[in-house]
Each structure stands twice: as structure tokens, then as C-alpha cells.
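Protein chains in written order, with my numbering: chain U, 89 to 485; chain Y, 89 to 485. Notes to accompany the following structure.
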């Protein structure tokens with residue numbers, strides 16, 4: 089390449105990427121995988137630094153033991169790869185634009201041509217078969233065009249490596265925590281009678297994106313969730329184009345992102361005077377949350393954290409139908425979680441320093457609900473909360 | 089079901105959904121498809137009304153000729169389906185939460201159990217194999233568990249039906265156009281020396297989400313793109329956490345969403361005094377854009393619209409490496425376009441009243457660029473622009 093390389097924009101020291109790659113190669117060796125073709129944009133970012141909203145067209149990162157990783161993507165994104173990744177120019181391979189959304193060809197074809205050209209189309213080939221950005225069609229093409237390879241499902245192989253964060257990653261999450269606290273302040277102060285839900289959503293977005301001094305925000309993996317009133321138990325509906333009334337509950341589930349690292353937080357606001365049942369739930373939720381946080385220490389297992397939560401909640405008649413939490417870190421749309429461990433019964437994952445989770449038990453009793461959650465970081469001394477937002481029901485009366 | 093049905097929130101008359109379903113069934117019959125399993129959230133919304141940020145876990149809409157459509161999704165989203173869709177309660181089928189992100193089971197299994205139970209697991213079964221929300225793993229499971237069916241790729245079958253909009257759909261797009269004009273005003277007025285890019289991005293988000301009087305916004309399929317300075321030719325990078333300087337170009341590519349209907353608009357801002365080359369490009373871009381708009385009429389073909397653009401641009405030395413535009417309407421992350429027709433050479437699609445497009449020729453000459461785009465609606469009288477934002481380079485000096 090004779091062209092000048094644009095200014096680099098790497099988010100981590102080069103040595104940190106070396107460590108990540110070493111850990112992924114070790115996991116590949118354990119699974120007997122010769123060639124790993126990644127499509128999850130989180131995993132592309134984690135290993136190469138590549139970061140752009142380009143995942144709606146196919147793009148791949150090819151990882152092998154003794155060869156440098158190779159990015160294969162769209163021509164108009166090549167410069168983004170040169171800016172955001174540490175990869176050598178010769179390992180940034182672009183396919184022509186007429187492969188984009190075409191009926192008669194697919195970007196998996198130039199990928200397979202590259203594999204063949206370099207002799208990487210044999211041995212064990214791992215794909216991320218449960219990732220959003222490897223479609224069924226792409227998987228079929230890759231399997232058909234690599235007849236000498238044994239194709240296996242390597243979903244979540246890199247995600248499991250991501251479970252333990254470095255100090256630099258935790259530092260980015262602390263910035264995201266600052267941002268989400270600012271946005272939650274806007275949300276909890278703004279939810280008042282007569283305020284339009286979409287206006288408040290706009291204010292929350294502004295806080296999430298503008299960020300705070302020294303910590304700018306960027307787009308998150310999911311929008312703010314803020315169901316209210318008769319929608320309060322529909323977790324995936326967004327705001328409405330109508331004003332808040334009186335005696336209305338709003339559950340805010342927000343997340344902020346700094347350099348792709350996410351920290352979420354949820355709080356319930358009651359507009360008016362909360363009924364006694366909700367006040368009761370508040371005290372149970374806060375006590376159970378802290379019992380779970382107290383159970384976090386290196387060597388403990390995730391199911392024990394869930395059990396600590398249950399030991400407070402169950403005797404007081406509170407039920408919970410889904411898991412208590414999940415690991416957090418890098419995310420792109422459409423989802424926040426890392427998709428590996430879960431804070432739920434049966435999960436034997438051993439807690440280690442550097443792991444980061446969102447503890448978010450949905451608390452329900454006789455149709456009443458409350459959300460008070462904490463993102464935390466596992467240290468030698470136990471759970472360190474990312475946020476310091478009051479653990480209480482917010483009442484705007 | 090004995091439970092009360094929550095208040096409905098349908099965005100269209102029931103008769104409009106009937107028409108859509110009739111058109112899709114007709115396309116299925118032409119292709120010999122007995123059972124269509126949809127995963128594209130745009131297509132779920134189009135046919136059933138279902139609208140929630142729940143597509144990060146598998147969900148399906150099953151469509152057949154003589155049976156009512158059936159939604160299969162996660163238990164916690166069942167109420168959202170009852171609120172947002174017209175489907176009968178008995179046709180809203182939830183799978184248990186332990187199917188979510190589990191290593192040992194997958195939501196495609198309860199889907200296949202339903203198909204078997206109703207005798208729908210034979211004949212020709214269509215899947216959306218190139219959709220983001222049908223993973224390779226899910227496709228493999230469905231094929232394995234329906235051994236008596238002939239599985240075919242029915243990608244874009246519904247998308248092609250969506251190409252022609254009803255007056256009610258166009259009306260929603262007019263609302264989205266109002267919103268995007270407001271946001272573009274914020275963007276073009278705000279890009280000034282010393283302003284932090286992330287602060288301006290926050291202001292733009294606020295305008296997109298809060299919306300305008302009578303037209304609230306909601307989350308869009310993609311974030312605002314606003315590359316600047318040395319990043320101006322990297323279309324998929326987002327804002328930076330730094331202030332704008334002097335003599336800097338910013339390309340704003342924004343989109344707004346009202347009830348899932350999107351209208352995009354792009355404009356270039358020059359902070360400082362634009363060089364003569366950019367002024368030249370401006371005049372070429374505006375003239376070519378309007379030549380293309382003038383070529384729009386019922387009966388014309390899409391390649392002719394592109395040719396009209398080229399007839400102005402090519403003699404003046406302007407090159408273009410990708411297509412001139414694409415159909416717009418319903419969108420969810422990660423992409424705006426409908427993925428069917430393209431305004432490019434060779435596309436024989438015949439223009440008809442009710443079609444809606446984004447005409448967005450990227451204009452490049454010797455490293456200089458400009459973006460001035462128009463979303464339009466095909467009427468009996470030709471192209472009707474959705475927006476009335478000045479077609480010019482914005483100069484903030």
C-alpha cells in the first residue's frame with residue numbers, strides 16, 4: 089500500500105490487543121479450531137479495534153494461530169478499518185460495492201475466495217452460528233464453498249474470553265457509569281404530570297449522547313426503556329406520544345456507552361403517592377439487592393449470588409420469573425448482555441476479579457413491580473458498584 | 089383466554105392489515121409457499137402490528153393461506169403483542185423464559201412443535217434466510233425439525249409487497265419528514281467552531297426523539313451519521329468527543345422515525361469558507377438531483393432515474409461508486425433501506441404511485457464530496473418531495 093495511513097484511533101494499548109488475541113487463540117486450540125470467522129461486531133471490536141455502524145452489511149474477522157487477523161468488509165468501510173483498528177493494511181480486505189444487497193452474489197464469496205487463496209479452507213473452521221450478523225444464507229454459502237473444511241459452531245468462544253475485564257476496560261465502564269447517572273437524574277427529575285413522554289425521552293437521549301465532562305457518550309445497544317402506567321409490565325415497548333398523568337408508575341431502564349463499553353441502571357419513579365404495596369416491595373428489593381451484592385467475592389459461584397437474593401425475597405413472598413443478571417461490557421445493537429454466564433440457578437461460573445455484571449432482578453408481587461438495579465465490578469474485596477445513585481423508589485408528588 | 093385484553097394500539101385500520109395479508113398470500117401462492125415463517129421485525133410490524141424492541145431474542149410470525157397468522161415469542165413480550173397487534177389471543181403463543189440465551193435449547197424448538205401440532209410442518213416452508221434475525225443456528229434447527237417440509241428461501245417476499253405504500257403510510261412518513269427537518273435545522277445551525285461534536289449529537293438526538301408538535305419521534309434504525317474533517321469520507325463512523333475546528337466539512341446523514349416509518353435527509357455543512365471545488369460540486373449535485381427527480385413518473389424504470397442523474401453529473405466529471413438510492417418505509421435496526429429495488433443501472437423496477445425512495449447520490453470529485461439528498465413519494469404527477477429543506481451547501485462562516 090502506498091497510500092498514507094490515516095491517524096490511528098485505537099482505544100487500548102497495542103499490548104492489550106496482543107493479550108486478548110493470545111487468550112482467544114488459546115481457547116481455539118482447546119477446541120481444535122484452526123480458523124475462526126467472527127461476525128459479532130463486539131468481537132471484531134474486542135480483537136481488532138474495528139468500530140463502525142457497518143455491521144448491516146456482512147463483514148468478517150478471520151483469526152488463526154500463526155497468521156495475523158484479517159478483516160474482510162465493504163470498500164467504503166476500509167478507511168474506517170484503517171483508522172480504528174491496529175491491523176496492517178494488507179490484512180484489511182475490501183469487497184466491491186456490487187456485493188451489497190445483491191440478489192446474485194454475497195460477500196461470503198470473497199471471504200471464501202480469501203480462505204482458499206491462503207490455504208485456510210481446510211481443517212476445522214469455526215463460525216458464530218448464533219450471532220445476529222451471520223445470516224442463515226451466509227452460513228450456507230460458507231459451508232458450501234469450503235468443502236474441505238469441517239465447519240463447527242464457535243458461538244460465544246470470544247464472548248467467554250471477554251468475561252474478565254482489564255483495568256483499562258473497567259475505566260471506560262466508570263465513564264459510562266458517570267453518563268448513565270446523569271441521564272437517570274434527568275429521567276427521575278423529569279417524570280412529572282403533564283410532561284410528554286417523548287419530550288422526556290428526548291432529554292434522556294441528549295444526556296446519554298452528550299455525556300458528562302470528560303466522558304462523551306455514543307449510541308447504545310438498545311434504546312432507553314421507560315414503560316409507564318398500564319404499560320409498566322411491557323419491558324420492550326418505548327415511550328408514548330402522550331403526557332404522564334397522576335398516580336402513575338414509570339420504570340426507567342437506561343444504559344450509557346463510552347467507547348462501546350456499556351453500563352446500565354434501572355429505577356422506578358412513582359408520580360403521585362405510591363401505594364403501600366409498592367413501598368413494601370421497595371424495602372424487599374433493596375434488601376435483597378444488597379444481600380446479592382454481599383455474596384459477590386472471588387471464588388463464589390453465580391448461582392450463589394442468585395440464592396442470596398432469594399434468601400431475602402422468597403420468605404417475603406416476592407417472585408421472580410427470569411434471571412437476576414448478566415455480564416456487561418462491549419455491546420452493539422440489538423442487545424446489551426454478553427450472552428455467556430447468567431446470575432441464575434444452576435450457573436456454576438466462578439467469580440473472578442475483573443468480571444462485570446448487571447444485577448437486575450425484576451421484582452413482582454401481586455401485579456406490583458419495582459426496578460432498582462446495580463452494575464458492579466468484581467474485585468478482591470467483593471462487589472464494587474459502578475454507580476452511586478440512591479437505591480430507592482423515586483417519588484415525584 | 090379469560091384475561092382482559094389490554095387497550096389496543098393499532099397504527100392502521102384493520103382493513104389495511106387485511107389488504108397487506110392478502111397481497112402477501114398472493115405472493116406466497118405465486119411462489120408455491122404453504123407456510124411462511126417471518127423473522128424480520130419490519131415484516132412482523134407490517135402484517136400484524138407487533139412493535140417492540142424484543143427482536144434480540146427469537147420471535148416468529150407464521151403466515152398461511154387459510155389460517156390466521158400466529159406470533160411466537162417470549163413470554164414477557166406477550167402483553168406487548170396483545171397491545172400492539174390485531175392477532176387473536178389464541179394466536180399469540182409464548183415460549184418459557186428458560187429458552188432465552190440457553191446453551192441447551194432454542195426458541196425454534198417450540199416454533200417447530202407448533203408447526204407439527206397444527207400439521208403445518210409439511211409442504212413448502214419459506215424462511216427469511218438473509219434476515220439478521222434468523223440466525224444460522226435457528227435455520228439449521230428448523231430444517232432439522234421439519235423433515236417433511238421442503239424449506240425454501242423466502243427472503244424479501246414481504247419486503248417487495250411493502251414497496252407500494254398506502255395513503256396512511258405516506259401520512260406517517262410526512263410526520264417523520266417534519267421531524268427530520270427539525271433535527272437537520274439543529275444540526276446545520278449547531279455545527280460551529282468550538283462546539284463539541286458529541287454535544288451537537290445530543291441536541292440532534294433530542295430533536296429526533298422529542299419530535300415536533302403533533303408528531304413524536306421514536307428510535308431510528310441507525311444513529312445520526314456526522315463524519316467531519318479527516319473522517320468526512322468514512323460514512324459509518326459516529327461523532328467524536330472533540331470540538332469542531334475551522335475550515336471543516338461535516339456531512340450530516342440523519343433520519344427520523346414516526347410509528348416505525350422513516351424519512352432520511354443528508355446535507356453538508358462547511359464551517360468556514362468553502363473552497364471553489366466544493367462550490368462547483370454543490371451546483372452539479374443540485375442540478376443532477378433535480379434531473380433525477382424530474383425523471384420520476386409512473387411507468388418509468390429505476391435505471392432511468394439513475395441515468396438522468398448521470399446525464400448531468402458525468403459530463404461535468406463527477407463520479408459515483410455506489411447506487412443512487414433505495415426504497416424507504418418501515419425500519420428497525422440495523423438498517424434503513426427496504427433491501428429490494430435500487431436506483432442503479434440495470435434495475436428494471438417500474439415506478440408506481442405510492443412508492444417511496446431516498447435519492448442519495450454520493451458525489452465525489454478529486455477527493456472532494458458533498459451530500460444533498462431528497463426522500464420522495466411517487467405520485468401520478470411525478471416525484472413529491474417529503475421535505476422542503478433548502479437544497480444547498482450550508483456555510484457557517
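Quick reminder that beta carbons are idealized off the backbone N, C-alpha and C, glycines included. Note that this is a predicted model, so its numbers are computed, not measured.
1. Taking C-beta to C-beta, are residue 355(U) and residue 460(U) nearer than 9 angstroms?
2. Below 6 angstroms CB to CB, which residues in the same chain sit around residue 462(Y) once its five sequence neighbours on both sides are set aside?
3. Output, in sequence order along the chain, the residues in the stretch 167-188 of chain Y whose CB is closer than 7 angstroms to any CB in chain U.
4. What three-state label does DSSP hand residue 123(U) in the structure shown?
5. Quick check: the stretch 116-134 of chain U against the stretch 146-153 of chain U, are there 3 or more CB pairs under 8 angstroms?
6. Helix, strand or coil: how does DSSP classify residue 247(Y) here?
7. Does the beta-carbon of residue 243(U) have 16 or more other beta-carbons within 10 angstroms, so that it is buried, or is it exposed?
8. Would you report the Cα separation of residue 286(U) and residue 262(Y), rounded to the nearest angstrom?
9. Pairing CB atoms from the stretch 265-272 of chain U with CB atoms from the stretch 223-241 of chain U, are three or more of them under 8 angstroms?
10. Does any C-beta atom of chain Y lie closer than 9 angstroms to the C-beta of residue 220(U)?
11. Along the stretch 293-307 of chain Y, what residues have a CB closer than 9 angstroms to any CB found in chain U?
12. Of all the residues that make up the stretch 270-289 of chain Y, which are near chain U by a beta-carbon distance shorter than 7 angstroms?
13. For residue 434(Y), collect the residues of the same chain with a Cβ closer than 7 angstroms to its Cβ; drop the 5 residues on either side in sequence, then sort them by chain order.
14. Which partner residues does residue 331(U) have in the DSSP bridge list?
15. Which of the three DSSP states is assigned to residue 416(U) in this structure?
16. On a Cα-Cα basis, can you pick out the residue from 232(U), 136(U), 412(U) that is closest to residue 381(U)?
17. When Cβ atoms are compared, which residues of the stretch 138-149 of chain U fall closer than 9 angstroms to chain Y?
18. Which residue's Cα is closest to the Cα of residue 437(Y): 456(Y), 384(Y), 476(Y), 175(Y)?
19. Decide yes or no for the touch test of the stretch 327-338 of chain Y against the stretch 322-340 of chain U: beta carbon pairs closer than 8 angstroms, at least 3 of them.
20. Tell me, which residues are paired with residue 464(U) by DSSP?
21. Should residue 94(Y) be flagged as near chain U, meaning a C-beta pair shorter than 9 angstroms?
22. Comparing alpha-carbon positions, which option in 204(U), 138(U), 277(U) lies nearest residue 481(U)?
23. Using a Cβ-Cβ cut-off of 8 angstroms (strictly less than) and excluding sequence neighbours within five positions of residue 280(Y), which residues of its own chain qualify?
24. Between residue 113(U) and residue 293(Y), what straight-line distance do the alpha-carbon atoms span, to the nearest angstrom?
25. Look at the alpha carbon of residue 256(Y) and the alpha carbon of residue 401(Y), and state the distance between them as a whole number of angstroms.
26. Anything in the stretch 421-443 of chain Y with a Cβ closer than 8 angstroms to a Cβ of chain U? List those residues in chain order, please.
27. Among 344(Y), 321(Y), 189(Y), 357(Y), which residue has its Cα nearest to the Cα of residue 338(Y)?
28. Residues of chain Y with CB under 7 angstroms from residue 311(U), in chain order?
29. So if I threshold CB-CB distances at 9 angstroms, which residues from the stretch 317-343 of chain U count as touching chain Y?
30. On the three-state DSSP scale, how would you describe residue 371(U)?
31. State the DSSP-derived secondary structure class of residue 188(U), mapped to helix, strand or coil.
32. Check for me: the beta strand (DSSP E) holding residue 341(U) runs from which residue to which?
33. From 210(U), 371(U), 191(U), 131(U), pick the residue whose C-alpha is nearest to that of residue 109(U); which is it?
34. Could you tell me the alpha carbon to alpha carbon distance between residue 200(Y) and residue 310(Y), rounded to whole angstroms?
In brief:
1. In the first chain, the residue the question calls residue 355(U) occupies position 267. In the first chain, the residue the question calls residue 460(U) occupies position 372. In this structure, residue 460(U) lies closer than 9 angstroms to residue 355(U) by Cβ.
2. Working through the second chain from its first residue, we reach residue 462(Y) at position 374. If we look at residue 462(Y) and ignore the five residues flanking it on each side, its Cβ neighbours are 447, 473.
3. 167, 168, 171, 185
4. As a first step, residue 123(U) is located in the first chain; it is residue number 35 there, counting from the start. Residue 123(U) falls in the strand class under three-state DSSP.
5. yes
6. The residue you call residue 247(Y) lines up with position 159 of the second chain. It is helical.
7. One-based indexing of the first chain puts residue 243(U) at position 155. Residue 243(U) comes out buried.
8. The sequence position of residue 286(U) within the first chain is 198, counting from 1. The sequence position of residue 262(Y) within the second chain is 174, counting from 1. Approximately 18 angstroms between the Cα atoms of the pair.
9. Because the criterion of three Cβ pairs below 8 angstroms is not met, the stretch 265-272 of chain U and the stretch 223-241 of chain U do not touch.
10. The count along the first chain starts at 1 and reaches residue 220(U) at position 132. It does; some Cβ of chain Y falls within 9 angstroms.
11. 293, 294, 295, 296, 297, 298, 299, 302, 303, 304, 305, 306, 307
12. Here the close residues are 286, 287, 289.
13. The residue given as residue 434(Y) occupies position 346 in the second chain. Contacts found: 391.
14. Within the first chain, residue 331(U) is the residue found at index 243, counting from 1. Note: residue 331(U) sits in a beta bridge opposite 284(U).
15. Taking the first residue of the first chain as position 1, residue 416(U) is located at position 328. Residue 416(U): coil per DSSP, three-state reduction.
16. Your numbering for residue 381(U) matches position 293 in the first chain. For the residues 232(U), 136(U), 412(U), the minimum Cα distance to residue 381(U) belongs to 412(U).
17. Per Cβ criterion, the list reads 139, 140, 141, 142, 143, 144, 145.
18. On the second chain, residue 437(Y) is found 349 positions in, with the first residue counted as 1. If we check each option's Cα against that of residue 437(Y), 384(Y) comes out closest.
19. At 8 angstroms Cβ cutoff, the stretches do not touch.
20. As a first step, residue 464(U) must be located in the first chain, where it is residue number 376. Note: residue 464(U) is bridge-paired with 445(U), 473(U) in the DSSP secondary-structure output.
21. Within the second chain, numbered from 1, the residue matching residue 94(Y) stands at position 6. Yes, residue 94(Y) counts as interfacial toward chain U.
22. Start at 1 with the first residue of the first chain, and residue 481(U) comes out as number 393. The option with the nearest alpha carbon to residue 481(U) is 277(U).
23. Taking the second chain and counting its residues from 1, the one referred to as residue 280(Y) is at position 192. 332, 359, 484, listed in sequence order.
24. Within the first chain, residue 113(U) is the residue found at index 25, counting from 1. Within the second chain, residue 293(Y) is the residue found at index 205, counting from 1. So the alpha carbons of these two residues sit roughly 40 angstroms apart.
25. For this step, residue 256(Y) is matched to residue 168 along the second chain. For this step, residue 401(Y) is matched to residue 313 along the second chain. Cα to Cα, residue 256(Y) sits roughly 36 angstroms from residue 401(Y).
26. 421, 422, 423, 425, 427, 430
27. The residue given as residue 338(Y) occupies position 250 in the second chain. Among 344(Y), 321(Y), 189(Y), 357(Y), the Cα nearest to that of residue 338(Y) is on 357(Y).
28. Stepping through the first chain from its first residue, residue 311(U) is reached at position 223. What residue 311(U) touches in chain Y: 141, 307.
29. 318, 319, 321, 322, 323, 324, 325, 326, 327, 328, 329, 330
30. As a first step, residue 371(U) must be located in the first chain, where it is residue number 283. Three-state DSSP puts residue 371(U) in a helix.
31. Taking the first chain and counting its residues from 1, one reaches residue 188(U) at position 100. Residue 188(U) falls in the coil class under three-state DSSP.
32. In the first chain, counting from the first residue as 1, residue 341(U) sits at position 253. Residue 341(U) -> beta strand (DSSP E) spans 336-346.
33. Taking the first residue of the first chain as position 1, residue 109(U) is located at position 21. If we check each option's Cα against that of residue 109(U), 131(U) comes out closest.
34. Reading the second chain from its first residue, position 112 is the one you call residue 200(Y). Reading the second chain from its first residue, position 222 is the one you call residue 310(Y). So the two alpha carbons sit approximately 33 angstroms from each other.
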